[in-house]
Structure formats: structure tokens, C-alpha cells
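Below is one structure, written out as C-alpha cells; the observations come after it.
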Amino acid sequence: MEAAQTIRLHGANLHWEAAGPAGASAAGRAVLFIHGFPFHSGLWAAQLEAVPAGWLALAPDLRGFGRSQPGHQTRYTMDVFARDLIGLLDHLAIQRIAVCGLSMGGYIAFELLRQAPGRVAALVLSDTRARADDDAGRAARHRAAAGARSGELPALLASLLERLLSPVSRESRPRTVERLREIMQATSPESFARAATGMAERPDSSELLPQIRVPTLVVVGADDTVTPPTEARSMVDAIPGAGLEVIAEAGHVPCLERPATFNRAVYGFLQDAMGGDAG
Ligand code: MLT
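If you count by the numbering used here, then the sequence shown holds residues 200 to 478, one letter each, in order.
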């Protein structure tokens, strides 16, 4: 499959990156990487580079992020994002695919499970949570959305960046810090606001967890303070048969902070779950 492509869906041109042969999905060896907030598909560069032989990896830019157009929606609910992803899978004639979502990408994965459970062949939940926001959390999101729209985005991004990385990443991985900053700075104020508002409205997914019937791996950075290991453990306890991978010296974005370890865990899990050569 070509490395980068675009499709028009629900009023916007949406862009995705791909690695591996298009036909791999027919053999059940395909994975959809869903980025978090406020990132884009570049978050998954190390995963696309390391895609095992015979596997297809897709990494879309969610609506309004990266190279995808914003469209007309004033709020990016998880439902809006999930419908785009189902449209992408339909376009590529992919019936079933493993889904790996990081943080907001995990909230979207829960929405995919609600809307199209038959499309999800296996699940990786990285640095995410099933619970909805409480009132204070929702209010903070609405304040951030208003702030982004009134010129405060650079300050919001700077304070977020501080919280995302592990102490080891902040102190001794300057290229990781720089790459994450670059990815975040590509976010427009309006997309930041629309997604923050959409996340505030997301439903609680706790009740969904015991109903998950596909192989599931929960991954979390040991130093994640945004969605900490306690959240990951409570999801593992609730999802039948789920495994847990805690990645040392990583914060909220282990795919970027410890890519080799993340890839070993995720692709190893996918090999066991779906077969094929995970390299
Ligand atoms: C993310 O990384 O997607 C965000 O931290 C999610 C959130 O703000 O809940």
C-alpha cells in the first residue's frame, strides 16, 4: 500500500499513513493506530517503521489534526472520529482489524467497539481510561477550549508537554521532547478546542469493559501521570483475559518514549492474538 493517502469523508479530506502490503488485512494481519490529543499520525512513526513482515499498519490523522481537514463539525465527539475510521475501513475494504488507541485514541477505540464491534479483531489500549470526566474535568476541558480559541494555545501546549513525558524522557531524551513538541505545535486552536469539547462529552465506557470479547492488551508508561498505571490495572481487572504491559521510564506516550519496548510488546501481542510473523 502507498505510504500516504487521502480520502474525502463526511465533508473533509482525511489523510492516513500506511506501511505494509494492502492484502495483509485479508489474512487478519492489520492494525489501526489511533493517535491521542493533541497529536497526529506522526506519533506512530516508529511503529510504522517497525511493522512486521506481512502486516499492514494504518495511522490516520484524525479530522482536524495533521494533514486531515477540519470539516464542519464544531465538536469532535468520539462518535465523529469513530465514524471517520469506519469510513476509512470501508474504503479500504477491511472487515476486521486490530485497533491500538493511545489516550483519546483509546476513547475512540471504545466508540468503535460500540458502533462496530465486529470490525475490531484485537485491542491495544495504551495510556487511556474507561471512565468519563467528572464535573471538574469537564469544566477544565471547556476552559481549555475557550482558552485555545482566545490565544492561549501556546501556553496550554507548553504546560501539557510538561505533564506528558517521564522524568527520564524530559531529562535525557531531547529528540523525543522536540519531536513531541513539534507534533503538538502542529495543532490548530480550533481543532484543539473541538476535540477538547468532544472529549468532555464522551460517555463512560466502564460498563463496556466486561463485554469485550477480543484479545486485549493494556499498555501504560510506568511514569504516566495523565492516565496512570492504576487506571490501566483497573481496566485489566475488568476486561476478560486482558494482559498488562507496564513500560519503565515512559510517561503518557510510550510509543514515542520507548518505541522498541512498545513495539515488542504490541507486535508480540498481535502475533499471538492474530497469528503471523511479528518479526
Ligand atoms: C491524550 O493524550 O489523548 C489526552 O491526554 C487525553 C485526555 O486529555 O483525556
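Every residue, glycine too, gets a C-beta built ideally from N, C-alpha and C.
It should be emphasised that the depicted structure is a prediction, and the values quoted were computed from it without experimental measurement.
query	result
Among the residues of its own chain, which have a CB less than 6 Å from the CB of SER325, if the five just before and after it don't count?	LEU301 and VAL418
Buried or exposed for THR396, going by 16 or more other Cβ atoms inside 10 Å?	buried
For a test of your reading of the model: does the CB of PHE461 fall under 8 Å from any non-hydrogen atom of the ligand MLT? Yes or no.	no
Within 8 Å, do at least three Cβ pairs link the stretch 240-251 to the stretch 458-466?	yes
Helix, strand or coil: which one does DSSP assign to GLU490?	The chain is shown only over 200 to 478; residue 490 falls outside these bounds and no answer can be derived.
What is the C-beta distance between VAL465 and LEU416, in whole angstroms, given that I count them as a contact (C-beta under 8 Å)?	7 Å
Could you tell me whether the stretch 354-374 touches the stretch 418-430, where touching means 3 or more Cβ pairs closer than 8 Å?	yes
Can you name, in chain order, every residue of its own chain whose Cβ lies under 8 Å from the Cβ of PRO220, other than the five neighbours on each side?	MET200, GLY253 and LEU255
Can we count SER302 as close to the ligand MLT, meaning its CB is less than 8 Å from some heavy atom?	yes
Secondary structure at GLN204, three-state DSSP: helix, strand or coil?	strand
Since I believe HIS209 is in contact with ARG266 (beta carbons under 8 Å), could you give me their beta-carbon distance rounded to a whole number of angstroms?	Going by Cβ atoms, the distance from ARG266 to HIS209 rounds to 16 Å, so no, they are not a contact pair.
Flag this pair as yes or no: are the beta carbons of ILE438 and LEU469 separated by less than 9 Å?	no
Does ALA217 come out as helix, strand or coil in the three-state DSSP assignment?	strand
PRO259 bridges to which residues according to DSSP?	TRP215
Helix, strand or coil for ILE285, going by three-state DSSP, please let me know.	helix
If you run the structure through DSSP and keep just helix, strand and coil, what is VAL279?	helix
I'd like to confirm the pairing. Which residues does DSSP put opposite VAL319 in its beta bridges?	ILE296
Indicate, with yes or no, if the ligand MLT has a heavy atom lying under 8 Å from the CB of ASP334.	no
Could you tell me which of GLY336, GLU381 and VAL413 sits nearest to PRO353, measuring between CA atoms?	GLU381
Can you tell which of GLU448, ALA392 and ALA449 has the C-alpha that lies nearest to the C-alpha of ARG262?	ALA392
Cβ of LEU363 versus every heavy atom of the ligand MLT: is any distance shorter than 8 Å?	yes
Applying the 10 Å Cβ sphere with the 16-neighbour rule, what's the burial state of ALA347?	buried
Going by Cα to Cα distance, which pick from PRO414, ARG457, GLU456 and SER405 is closest to SER433?	SER405
At which residues does the alpha helix (DSSP H) containing VAL465 begin and terminate?	458-473
With a threshold of 8 Å, establish whether the CB of THR426 neighbours any heavy atom of the ligand MLT.	yes
Can ARG422 be considered in contact with the ligand MLT, in the sense that its beta carbon sits closer than 8 Å to one or more heavy atoms?	In the sequence as displayed, the identity of residue 422 is Asp instead of Arg. No, Cβ of ASP422 sits at least 8 Å from all heavy atoms of the ligand MLT.
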